[in-house]
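Structure record follows, encoded as structure tokens.
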Amino acid sequence: MTVLPDDGLTLASEFPDATHEQWQRLVEGVLRKSGKDVSGAAAEEALATALDDGLVASPLYTARDTAPDAGYPGFAPFLRGGRPVGGWDVRQRHGRPEADRTNEAVLADLENGVTSLWLTVGDAGLPVTGLARALDGVYLDLAPVVLDAGPDTAAAAGELLRLYEERGVPREEARGNLGADPLGASARTGEPVDTEAAVDLARRTRDRYPALRALTVDALPYHEAGASAGQELGASIATGVAYLRALTAAGLATGDALRQLEFRYAATADQFLTIAKLRAARRLWARVAEVSGAAGDAGAAQRQHAVTSPVMMTRRDPYVNMLRTTIACLGAGVGGADAVTVLPFDHELGLPDAFARRIARNTSSILLEESHLGRVADPAGGSWYVERLTGELAHAAWAFFQELERAGGQGEALRSGLVGERIAATWAERKRGLARRREPVTGVSEFPFLAEKPVEREPAPGVPRPAVPRPGGGLPRVRRDEDFEALRARSDAHLAATGARPRVFLAALGPASAHTARVAFASNLFQAGGVEPVHDPVTVDAATAADAFARSGASVACLCSGDALYEEQAEEVAEALRSAGARQVFLAGRPGEYAGVDAYVFTGCDAVGVLSSVLDRMGVAP
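FYI, in the numbering used here the residues of the sequence shown are 4 to 625.
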């Protein structure tokens, strides 16, 4: 029996510890009730969840799941954080093209909890000539500015440095990032990589602005193309290494070169994966610094900017995005990000309004000031699951980094198409899971609300990246909701043209206890494609189904009930529906052999394929 210290908490301390084998036997019993006759390790494996990058989440983690020594926050390998304390910089993004309105929004943010600014400059945002007006009234020695200017980086950086001089900002107080990222720009656009301007900026900042960084290693282009967490990390490390080579070749010491870089990662609603990803990223970069001869340098601690994932944001039911970004922000903060940007919930709809920006900045404020996440450094440290996941993810990312290095480095891997091919394969597999609703998207593929009023915003400037890759045109931009969004758009167009949505009649057989579960399933499924379910009357049989279908205004029908009633009534009711003009008859349940039934809908079926064919059958234009 384990002897516990006398801490006054004696409840259950006199009982022997439960063993892993005892737990497995309990699992075996539960699985047998569900029809799976497995035992021992096989029972545990049956409850495991497959993740991207070949990783597996086990149902139970114990002290046997050891990991390498994580060290301490603020010390190599920086797995537990690049700083000895918790908390993060609240960084708000601004991409409005009007300088006056940007200035108004910037000042409102800084007065209400934001601590640094991320400005999109150039064709996709604020003109370079408007930078001075946008920053009017901003104390540049207190509020760090991060630029994201793409091809206009040199001009935008020059303008910001001019403002520092003009407004008398002490050079040692100028902080932020000039945003040079030639490899990231190439990943987005397909344009050739030119590091000369970035290297020149790094020289200037090293010599004159010791607290300012010149380069950003932006992993968002890979995340937005559908990369897994391991691929996102591997591509970022390969990019960072490429920049280190360019900077040191230009005469910068390794430590100085390290201090010129800031890494940008996506934070998703998968909180544990986000925590593990940021921790793994610091461990990987510390390893790069070590082999580069700068293990003891303060610059070896990776500077991280986490951004809530654009891929997870939805256009339908966008208010749910507030929940997603809250969880993502929590994961980023717990994972040790130095700065966190919460994208407004209406990010995918255009330019955010004041309410959306307020909610975004208050997300961080609540987590920091009311939930006190910043009081403890690395609060997830020591969790067997998090430590194990961090280590496994680091190894997967390192393997992808090595593949990119063998291909000639990140620049060559982008030019050859290797990066795009690997990411495309990952996204194709994930799309299959999304189509089958194995990865549910709340408000879109699960629990959609057809009667919602659309949220309209001013269009954002710039030309959006394509949803599919173009030869030499950079990586695509994907979204989890894209296939279901296309279906809903077809339904919207049909509504606008005819005054009604396409409908499906739910032919429920027997009492509510027999059909309620499958009625709910079918209703949820068809609404995900913009098809309005009609469940009136509550129950039908062979004698009443035809008349009910005729009154429904639907052109297809779906039988909903339990398996026993299907055996008794399905074929007769299906025939009645067909006689009433049903173009297609579905059955909610596992595929069987019922005459008159055209197709089956069930958990794990290809929902996108089914809904697309339904809309085609109804004559709803693509």
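The beta-carbon is built from N, C-alpha and C at its ideal position, and this holds for glycine as well.
Does DSSP put residue i in a helix, a strand or coil?
i	result
C561	strand
N180	strand
P355	coil
A549	helix
D320	coil
E575	helix
V6	Residue placement at V6 is flagged as unreliable, the pLDDT there being 49, under the threshold of 50; a coordinate-derived value is accordingly withheld.
G607	coil
L120	strand
Y388	helix
V59	strand
E373	helix
A214	coil
Y569	helix
A583	coil
R593	coil
R267	strand
V41	coil
E17	coil
Q305	coil
L614	helix
G622	coil
V88	coil
A399	helix
L421	helix
L186	helix
Assuming residue i and residue j form a contact by the criterion Cβ under 8 Å, report the distance between their Cβ atoms to the nearest whole angstrom.
i	j	result
G607	R441	7 Å
A183	L204	5 Å
G237	A400	5 Å
S231	D55	4 Å
P536	A525	7 Å
T366	T328	6 Å
Y246	A309	Y246 to A309, Cβ: 20 Å. No contact.
A1	P71	The structure shown does not extend to residue 1, since the chain is modelled only from 4 to 625, so the question has no answer here.
A297	G258	5 Å
Q587	V617	7 Å
L490	G532	4 Å
R506	A624	That belief does not hold up - the Cβ atoms of R506 and A624 are roughly 16 Å apart, past 8 Å.
Roughly how many whole angstroms lie between the Cα atoms of residue i and residue j?
i	j	result
A201	R211	15 Å
H23	E227	41 Å
A79	A410	29 Å
A111	P347	15 Å
A190	L478	6 Å
Y569	V559	18 Å
D486	A610	10 Å
V481	N115	33 Å
E47	S61	8 Å
A158	L134	11 Å
A548	A66	60 Å
V343	A335	7 Å
S42	A49	10 Å
L498	S582	27 Å
A359	D349	7 Å
A579	A279	56 Å
A551	S386	57 Å
E101	I362	22 Å
F404	G233	9 Å
R378	V613	50 Å
L333	W288	23 Å
G502	K434	32 Å
G243	R94	22 Å
L218	R290	20 Å
D155	V124	7 Å
Starting from residue i, trace the alpha helix (DSSP H) both ways and give me its first and last residue.
i	result
S312	Counting along the chain, S312 falls outside any alpha helix (DSSP H), and DSSP gives it neither H nor E.
R206	E199 to R211
R167	The amino acid at residue 167 is misidentified as Arg; the sequence shows Tyr. T156 to E169 is the span of the alpha helix (DSSP H), which, as asked, contains Y167.
T65	Counting along the chain, T65 falls outside any alpha helix (DSSP H), and DSSP gives it neither H nor E.
A279	Q274 to V294
H23	H23 to K36
L134	L134 to A137
For the beta strand (DSSP E) that residue i lies in, which residues bound it at each end?
i	result
L150	V148 to D151
D92	D92 to H97
A342	A342 to T344
Does the beta carbon of residue i sit closer than 9 Å to a beta carbon anywhere in chain B?
i	result
A190	The question asks about chain B, but that chain is absent: this structure has only one protein chain.
- Task: Pick out the complete alpha helix (DSSP H) segments inside the region 468 to 549, 4 residues or longer, and give them in chain order.
- Result: DSSP assignment within the region 468 to 549 yields the following whole alpha helix (DSSP H) runs of 4 residues or more, N-terminal first: 485 to 501 and 515 to 531.
- Task: Run through the region 218 to 260 for me and flag every whole beta strand (DSSP E) of 3 or more residues, listed as ranges in chain order.
- Result: none
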